[in-house]
Amino acid sequence: MPTSLTPQQAGELNKSIIAYLSANGLPETLAAFQKESDLPDDRFDATAAKQYENLLEKKWTSNSTLMKKVATPCSIWADLLLALESRNEALQNELNSTRASFLNRNADVNNWLPQHPIRSLESHRDSINCIAFHPKYSLIASGSSDLTIRIWDWEDGTLERTLKGHTMAVCDVDYGDTSSGVLLASCSSDFTIKLWDTTDDYKNVKTLRGHDHIVSAVRFIPSGNLLASASRDMKVILWNVVNGYRVKTIEGHTGWVRDISPSFDGQFLLSTGDDMTVRLWDISASQPICKFTATGHENRILCCAVAPAASFRYLASFFESKRSTRAAGITAEIMATGSRDKTIKLWDSRGRCIMNLTGHASWVRAIAFHPGGSIFFGIR
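full-length UniProt numbering puts the first residue of the sequence shown at 1, with every later residue one more than the last.
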């Protein structure tokens with residue numbers, strides 16, 4: 001049988017075996033092994049036998065100890081591997097159940113209801129004035145009076161980056177899916193609007209100037225490359241985000257235009273502000289046309305929102321009780337406004353108030369419709 005021992009090592013092993021057999025009273029086995037090992041008798045006398053007598057046992061004992069030392073880490077790794085496999089199975093089951101829950105939730109947007117807070121994002125050094133969700137990824141942009149915009153991953157709560165460029169408070173932010181990719185728009189008390197390219201490390205690609213006072217709101221117009229901005233200069237401006245040019249200027253308000261909200265087809269734009277009026281504009285025309293001017297609030301109006309089409313069926317009974325009918329050709333069927341008078345009002349497409357919501361103990365600063373249409377949020 002081939003061996004990996006050198007001739008000297010083989011000789012030492014044979015001597016150790018002979019000494020072991022001799023010491024343990026096995027003469028016949030000793031004679032047979034000595035004959036077959038071709039080890040001359042005169043080279044292995046009593047003195048040599050005494051020298052090798054315990055060598056084989058020592059070698060065996062040391063090898064057994066070494067095997068135990070090797071086996072112990074192996075057993076640890078084996079236990080760790082089993083634990084990892086068990087943990088992986090548990091995580092996979094959790095992922096499968098989460099995915100199923102998410103798919104079920106996506107199937108019915110009425111299940112998209114807020115639960116308890118899952119994250120608390122902290123980093124700004126001053127008040128946070130606005131937030132916007134990225135249309136594709138798990139990102140949130142927040143604008144603050146500390147002059148910065150911060151981009152967060154809402155899934156794990158990490159701060160992705162901080163955008164600097166405005167020289168005064170950031171008043172509003174909005175994401176828009178344009179022909180050149182997803183852009184982030186921001187506006188500020190420094191009278192400017194900035195466009196940030198989300199596909200290029202949020203590089204500031206354009207700064208839009210044209211307002212003569214604080215720019216309080218920015219909104220991307222769906223299905224196009226237009227951005228609308230509202231300002232304390234009492235104007236609403238439509239911008240082309242590709243070239244940065246001003247496209248249209250909307251005038252009519254007699255006070256600070258606080259907020260704007262486009263219809264979901266991009267044809268209409270709702271505006272409101274300190275003059276306590278609600279105005280709906282047809283911005284698809286070459287010159288914007290005011291479709292109605294509504295009044296009813298008793299103090300400045302701070303926010304507005306156009307309802308999704310899904311909400312109409314939930315509010316149909318109110319239309320009937322008010323004997324209200326939809327105006328022909330207007331896709332903005334239901335609109336909402338929130339005011340310093342602590343109320344929220346719902347309006348139809350003709351500018352008629354169909355509902356007055358009370359309950360807030362202070363100014364209504366922000367409002368939003370649930371995408372499923374059945375829920376409405378008011379924030380003070």
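Glycine included, C-beta positions come from ideal geometry on N, C-alpha and C.
Query, Result
"From this set, 179, 359, 143, which residue's C-alpha is nearest residue 225's C-alpha?", "179"
"On the three-state DSSP scale, how would you describe residue 24?", "coil"
"With DSSP as the reference, label residue 202 as helix, strand or coil.", "coil"
"Would you identify the three-state DSSP class for residue 102, choosing helix, strand or coil?", "For residue 102, the predicted model reports a pLDDT of 48, less than 50, meaning its position is unreliable and no value from the coordinates is stated."
"Tell me which residues share the same chain as residue 13 and place their Cβ nearer than 6 Å to its Cβ, disregarding the 5 neighbours each side in the sequence.", "none"
"What distance in whole Å lies between the Cβ atoms of residue 360 and residue 342, which are believed to be in contact at a cut-off of 8 Å?", "5 Å"
"With distances taken from CA atoms, which of 348, 131, 350 is nearest residue 218?", "131"
"What separation, rounded to the nearest whole angstrom, lies between the Cα atoms of residue 315 and residue 172?", "30 Å"
"Please confirm whether residue 210 and residue 246 have their CB atoms less than 8 Å apart.", "yes"
"Given residue 283, which residues of its chain have a CB within under 6 Å of its CB, disregarding the five upstream and five downstream residues?", "269"
"Measure how close the beta-carbons of residue 363 and residue 302 come, nearest whole angstrom, since I'm counting them as under 8 Å.", "6 Å"
"Per DSSP, residue 246 is paired with what?", "239"
"Hey, does residue 302 have any beta-carbon neighbour from chain B nearer than 8 Å?", "As a matter of chain content, chain B is missing from the structure shown, which is built from one protein chain."
"Span of the beta strand (DSSP E) holding residue 344?", "344 to 348"
"Can you pull the DSSP bridge partners for residue 162?", "150"
"Who are the near neighbours of residue 365 in its chain, counting only those whose CB is closer than 8 Å to its CB and skipping five residues on each side?", "302, 303, 338, 379, 380"
"Would residue 336 and residue 367 be called neighbours here (beta carbons separated by less than 8 Å)?", "yes"
"With a threshold of 16 other CB atoms inside 10 Å of the CB of residue 265, please say whether the residue is buried or exposed.", "exposed"
"Taking the alpha carbon of residue 272 as the point to measure from, which residue in 356, 169, 236 has its own alpha carbon closest?", "236"
"Taking Cβ positions, are residue 262 and residue 306 nearer each other than 8 Å?", "yes"
"Kindly indicate which residue of 352, 300, 123 has the alpha-carbon position closest to the one of residue 258.", "300"
"What residue from 287, 177, 207 has the CA that sits closest to residue 187's CA?", "207"
"For residue 7 and residue 33, I'd like the C-alpha separation in whole angstroms.", "17 Å"
"List the DSSP bridge partners of residue 355.", "346"
"Quick one: grab the DSSP three-state call for residue 32.", "helix"
"Whole angstroms are fine: how far does the CA of residue 280 sit from the CA of residue 199?", "34 Å"
"Buried or exposed for residue 275, going by 16 or more other Cβ atoms inside 10 Å?", "buried"
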